[in-house]
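Peer 1: Per the numbering used here, the sequence shown starts with residue 732, numbered consecutively.
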Amino acid sequence: MEISQAAMGNSGLDSKRFGAALVVCLFALPGLFVVFETSQNQKLSITWSPIEARNDTEPSRGSRNDSTQHSNMAKYEMANGTEKNHSQNDCNSARNISSDPSILLNETSLESDTHQAPVQSTQDLHNTSGSINDTTGSENMATDDKLLNGSSSKYDFTPTTMIPQGQPDASNHSSSPPSEDDEKLFYGLFPPGIEEDSCLSRYQSFLYHRSSHYKPSSYLRSKLRKYEKLHRACGPNTKSYRNALKKLKSNQVSQTSKCNYIVWMPANGLGNRMVSMVSSFLYALLTNRILLVDFGRDMRDLFCEPFPKSSWLLPSHFPLKHEFGIDKVRHSHSVGSLMKKAANAGMETIPPYLFLNLNHGGDDEDRIFYCDKSQDHLQNIPWLLLLSDQYFVPSFFLLPSFEEEVKKLFPEKETVFYHLGHYIFNPSNHIWGLITRFYEAYLAGADQRIGLQVRVFKPKSTPLQTVLDQILACGKKEELLPQIDTQKSTARPTQNGTSKAILVTSLYPEFYENIKNMYWTNPTVTGEAVGVYQPSHEAYQHFGDNMHNMKAWAEIYLLSLSNVLVTSAWSTFGYVAQGLGGLKPWFLYKANGQHIPDPPCGRDNSREPCFHFPLTFDCKSKAKVDAGTLVPYIRHCQDRRWGVKLVGNHDKL
732 MEISQAAMGN SGLDSKRFGA ALVVCLFALP GLFVVFETSQ NQKLSITWSP
782 IEARNDTEPS RGSRNDSTQH SNMAKYEMAN GTEKNHSQND CNSARNISSD
832 PSILLNETSL ESDTHQAPVQ STQDLHNTSG SINDTTGSEN MATDDKLLNG
882 SSSKYDFTPT TMIPQGQPDA SNHSSSPPSE DDEKLFYGLF PPGIEEDSCL
932 SRYQSFLYHR SSHYKPSSYL RSKLRKYEKL HRACGPNTKS YRNALKKLKS
982 NQVSQTSKCN YIVWMPANGL GNRMVSMVSS FLYALLTNRI LLVDFGRDMR
1032 DLFCEPFPKS SWLLPSHFPL KHEFGIDKVR HSHSVGSLMK KAANAGMETI
1082 PPYLFLNLNH GGDDEDRIFY CDKSQDHLQN IPWLLLLSDQ YFVPSFFLLP
1132 SFEEEVKKLF PEKETVFYHL GHYIFNPSNH IWGLITRFYE AYLAGADQRI
1182 GLQVRVFKPK STPLQTVLDQ ILACGKKEEL LPQIDTQKST ARPTQNGTSK
1232 AILVTSLYPE FYENIKNMYW TNPTVTGEAV GVYQPSHEAY QHFGDNMHNM
1282 KAWAEIYLLS LSNVLVTSAW STFGYVAQGL GGLKPWFLYK ANGQHIPDPP
1332 CGRDNSREPC FHFPLTFDCK SKAKVDAGTL VPYIRHCQDR RWGVKLVGNH
1382 DKL
């Protein structure tokens, strides 16, 4: 009984305590909820802040133009000897001068699915397995067209970081921002409906390049869609193509065939090849020909297939391949020879094919191609086999038969390479992995990216030290490179903690090493942090080397992502970078001997590549003519006075 009463007493006490606790909880709950919400908001802010952390999923469109976006990496040592951590300014966290950035272009590590875990640190990047030599330089590589052209799904890579765009683009005056779909398809340049996994760069490149004020014209978009339809009907492995081959083998010419072809053949280095391919493609658009490219072993897996549901690769069994390298055969079936015959006795029969040599050291007779009368004869030739290392696009603006059409395609004449280059030169998934890994590890966090492309044409007569002195003189004169403070040993902190990344591309390591050491051992006058990087140094230009061309293509593309670009005079390598980037670069004048040119560099007058060897005579009178004075939109090249290039009236793309 006592126990029962005691229990009841305790029960009453517990009820009172429970009631009191409930009242306290009711009063405290709103306060706890506010504290909880505040805490969650703070956590959310930290998670998505472009300064404090990165998003390891698909990049957010809202942060595209944030120049402080970065990779989430560990504390690092800057190239000028200062340190920063995430709490100060983490936008430069990818820099580590003790690591060799050239390692990234020697990796492949791409044999994984497209949903692989994002790269978390520079060490992770260096530890990926495989090498470029293992998968691309082997003699045992498969020779199927998909692998040769880079459309194989074997190599998949998805970027994990939003790419900063550097300085705001003042040239984009649009009142309403473009949609992601518009930018993804390059404002109608790319056709919709292509499987994205087959070419990641085609639909991800807009995240890396700054927006352009100049969109492809509606006429160009329409022309490309018509060309794609024609290529599907006439390209390799179609009935029309097989019929065309039969007629070629039997020397027959059909006046009613809708399928005529231009076969591009490679000459010289990758830069020369790319400028001539753009020229050849424009000619195909203007003449309704099908462009086929003869990619040898040294151009495997560089580019995606540009044309949907078809291939631009010349099949290996093409019957005239064995004649490509025979000068005597090429000359006897050349455009120049045809025009001679037509002038002397007229053309009784139409040949099924002709060779066209527009190389810089090619047949002078074939340069009649740049005259209108030759185009009348060529329009009925089924197969035109082209060898060129030149950017001969400006010639179409001087030909009456093409002038009106090409102006409709490109109202802004300075954008020909920019638009056609982006259309046909999308890096393969393999190359895209090299580009994005290097970019995210070393360049993505910089407030400004400075591209420095150095070509030494005569290293035996021009010392590398002379070229280095020229680079530094140019950087100082034009205020392109941060100036160092030799009087102080510590950096002067800046209020905004700005950073600059200098990307050096050269066959030689000396320029990179000297510039890197200069910024490591000396602070800058204005206190910014400077990182210097070089993806590779091959010592000399390798012809016929697939690995060499892969590295070259990756470096060209990385240069095109610069905010400021310095190139070398006469170099087609630099031309391609400036054309793809829509950049009007500074260029280093060609040095002779040990004397630094004065001035050391100049500003280009156009984003377009230079046509080194334009026509120098009038097609009718045969009198000498200066192609750089005929029309206001074609001017002499600043880096090569006898060359010409297309120019525009606007300062920015």
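Just so you know, even glycine gets a beta-carbon here, dropped at the ideal spot from N, CA and C.
Given the structure is predicted, the values throughout are model-derived calculations rather than measurements.
Within 10 angstroms of the Cβ of isoleucine 1112, are there 16 or more other Cβ atoms? Answer buried if so, exposed if not.
Peer 2: One-based indexing of the sequence shown puts residue 1112 at position 381. The residue is buried, with at least 16 neighbouring Cβ atoms inside 10 Å.
Peer 1: Find the nearest neighbour of valine 1263 within the set Ile1081, Ser1230 and His1279, judged by alpha-carbon distance.
Peer 2: Stepping through the sequence shown from its first residue, residue 1263 is reached at position 532. When each option's Cα is compared against that of valine 1263, the closest is Ser1230.
Peer 1: I'd like to check one pair, cysteine 1332 with glycine 1374: are the Cβ atoms closer than 7 Å?
Peer 2: In the sequence shown, counting from the first residue as 1, residue 1374 sits at position 643. In the sequence shown, counting from the first residue as 1, residue 1332 sits at position 601. No, Cβ-Cβ distance for glycine 1374 and cysteine 1332 is not below 7 Å.
Peer 1: Using the C-alpha atoms, what's the distance from lysine 1207 back to glutamate 691?
Peer 2: An answer regarding residue 691 cannot be provided, because it is not within the stretch 732 to 1384 covered by the chain.
Peer 1: So, at 7 Å on beta carbons, what are the nonlocal neighbours of glutamate 1145 in its own chain, with the 5 sequence-adjacent residues on each side left out?
Peer 2: Counting from one through the sequence shown, the residue named residue 1145 turns up at place 414. Closer than 7 Å at the Cβ level, and outside the excluded window around glutamate 1145, lie Ser1337, Arg1338, Glu1339, Leu1377, Val1378 and Gly1379.
Peer 1: Please tell me whether, using a cut-off of 6 Å, the distance from the CB of glutamate 1134 to the nearest non-hydrogen atom of the ligand NAD is below it.
Peer 2: Among the components of this structure there are no ligands whatsoever, and the ligand NAD is therefore not found.
Peer 1: Would you report the Cα separation of tyrosine 1243 and arginine 1061, rounded to the nearest angstrom?
Peer 2: Sequence index remark: in the sequence shown, residue 1243 carries index 512 (1-based). Sequence index remark: in the sequence shown, residue 1061 carries index 330 (1-based). Their Cα atoms are separated by approximately 44 Å.
Peer 1: For the candidate residues Gly1312, Asp928 and Pro1345, whose alpha-carbon lies nearest to that of asparagine 1090?
Peer 2: Along the sequence shown, read from residue 1 onward, the residue named residue 1090 stands at position 359. Ranking Gly1312, Asp928 and Pro1345 by Cα distance to asparagine 1090 puts Pro1345 first.
Peer 1: In the DSSP output, what is serine 1230 paired with across the bridge?
Peer 2: Residue 1230 sits at position 499 when you count from the first residue of the sequence shown. Answer is Ala1260.
Peer 1: Assuming contact is defined by CB atoms lying nearer than 7 Å, are phenylalanine 1156 and phenylalanine 1034 in contact in what I supplied?
Peer 2: Here residue 1156 corresponds to residue number 425 of the sequence shown, with the count starting at 1. Here residue 1034 corresponds to residue number 303 of the sequence shown, with the count starting at 1. Contact flag set, yes.
Peer 1: For valine 1147, report the span of its alpha helix (DSSP H) as first-last.
Peer 2: On the sequence shown, position 416 is the one that residue 1147 refers to. Its alpha helix (DSSP H) spans residues 1147–1155.
Peer 1: Can you tell me where the beta strand (DSSP E) holding glycine 1333 begins and where it ends?
Peer 2: Within the sequence shown, the letter at position 602 stands for residue 1333. First-last of the beta strand (DSSP E) with glycine 1333: 1332–1334.
Peer 1: By alpha-carbon positions, which one of Leu976, Met996 and Gly1067 ends up nearest to serine 988?
Peer 2: Residue mapping note: residue 988 aligns to position 257 of the sequence shown, counting from 1. Among Leu976, Met996 and Gly1067, the Cα nearest to that of serine 988 belongs to Leu976.
Peer 1: If the criterion is Cβ atoms closer than 7 Å, does the pair glycine 1182 and leucine 1290 meet it?
Peer 2: Reading the sequence shown from its first residue, position 451 is the one you call residue 1182. Reading the sequence shown from its first residue, position 559 is the one you call residue 1290. A contact, by the Cβ cut-off of 7 Å.
Peer 1: Any idea if isoleucine 1057 is buried or exposed, counting beta-carbon neighbours within 10 angstroms, 16 or more meaning buried?
Peer 2: Taking the first residue of the sequence shown as 1, we reach residue 1057 at position 326. Exposed, by the Cβ-count rule.
Peer 1: Alpha carbon to alpha carbon, what distance is there between tyrosine 1288 and proline 1213?
Peer 2: Locating residue 1213 in the sequence shown gives position 482, where the first residue counts as 1. Locating residue 1288 in the sequence shown gives position 557, where the first residue counts as 1. Taking the straight line joining both Cα atoms gives about 24 Å.
Peer 1: Beta-carbon within less than 6 Å of leucine 1118's beta-carbon, same chain only, minus the 5 sequence neighbours each way: which residues are those?
Peer 2: In the sequence shown, counting from the first residue as 1, residue 1118 sits at position 387. Here the set comprises Met996, Ala998, Asn1088 and Asn1090.
Peer 1: Could you tell me the alpha carbon to alpha carbon distance between glutamine 1196 and tyrosine 1239, rounded to whole angstroms?
Peer 2: As a first step, residue 1196 is located in the sequence shown; it is residue number 465 there, counting from the start. As a first step, residue 1239 is located in the sequence shown; it is residue number 508 there, counting from the start. Between glutamine 1196 and tyrosine 1239, the C-alpha separation is close to 12 Å.
Peer 1: Do serine 1007 and aspartate 1120 have their C-beta atoms closer together than 7 Å?
Peer 2: Position 276 of the sequence shown, counted from the first residue, corresponds to residue 1007. Position 389 of the sequence shown, counted from the first residue, corresponds to residue 1120. For serine 1007 and aspartate 1120, yes; Cβs fall inside 7 Å.
Peer 1: Is the Cβ-Cβ distance between arginine 1371 and tryptophan 1301 less than 7 Å?
Peer 2: By 1-based counting over the sequence shown, the position of residue 1371 is 640. By 1-based counting over the sequence shown, the position of residue 1301 is 570. Cβ distance < 7 Å, so arginine 1371 and tryptophan 1301 count as in contact.
Peer 1: According to DSSP, what are the bridge partners of leucine 1319?
Peer 2: If you number the sequence shown from 1, residue 1319 lands on position 588. DSSP lists Ser1299 and Cys1332 as partners of leucine 1319.
Peer 1: As a quick exercise: from Ile1215, Ile1327 and Pro1316, pick the residue whose alpha carbon is nearest that of glutamine 1369.
Peer 2: As a working mapping, residue 1369 is identified with position 638 in the sequence shown. It is Pro1316 whose Cα lies nearest to the Cα of glutamine 1369.
Peer 1: Are there 16 or more other CB atoms within 10 angstroms of the CB of glutamine 1110, so buried, or fewer, so exposed?
Peer 2: For the purposes of this step, residue 1110 is taken as residue 379 along the sequence shown, with counting starting at 1. Label assigned to glutamine 1110: exposed.
Peer 1: According to the Cβ coordinates, are leucine 1045 and aspartate 1025 closer than 7 Å?
Peer 2: Counting from 1 along the sequence shown, the entry for residue 1045 is found at position 314. Counting from 1 along the sequence shown, the entry for residue 1025 is found at position 294. Yes. Within cutoff.
Peer 1: Answer with buried or exposed for aspartate 1349, where buried requires no fewer than 16 other C-beta atoms within 10 angstroms of its C-beta.
Peer 2: For this step, residue 1349 is matched to residue 618 along the sequence shown. It counts as exposed.
Peer 1: For lysine 1139, which residues in the same chain have their Cβ closer than 6 Å to its Cβ, ignoring the five residues on either side in sequence?
Peer 2: Position 408 of the sequence shown, counting from 1, holds the residue named residue 1139. If we look at lysine 1139 and ignore the five residues flanking it on each side, its Cβ neighbours are Tyr950.
Peer 1: Count the other C-beta atoms from every protein chain shown that fall within 10 angstroms of the C-beta of asparagine 991, then say buried if there are 16 or more, exposed otherwise.
Peer 2: Position 260 of the sequence shown holds residue 991. It counts as buried.
Peer 1: Give the range of the alpha helix (DSSP H) segment to which isoleucine 1162 is assigned.
Peer 2: Within the sequence shown, residue 1162 is the residue found at index 431, counting from 1. Looking at the DSSP string, the run of the alpha helix (DSSP H) that includes isoleucine 1162 is 1160–1169.
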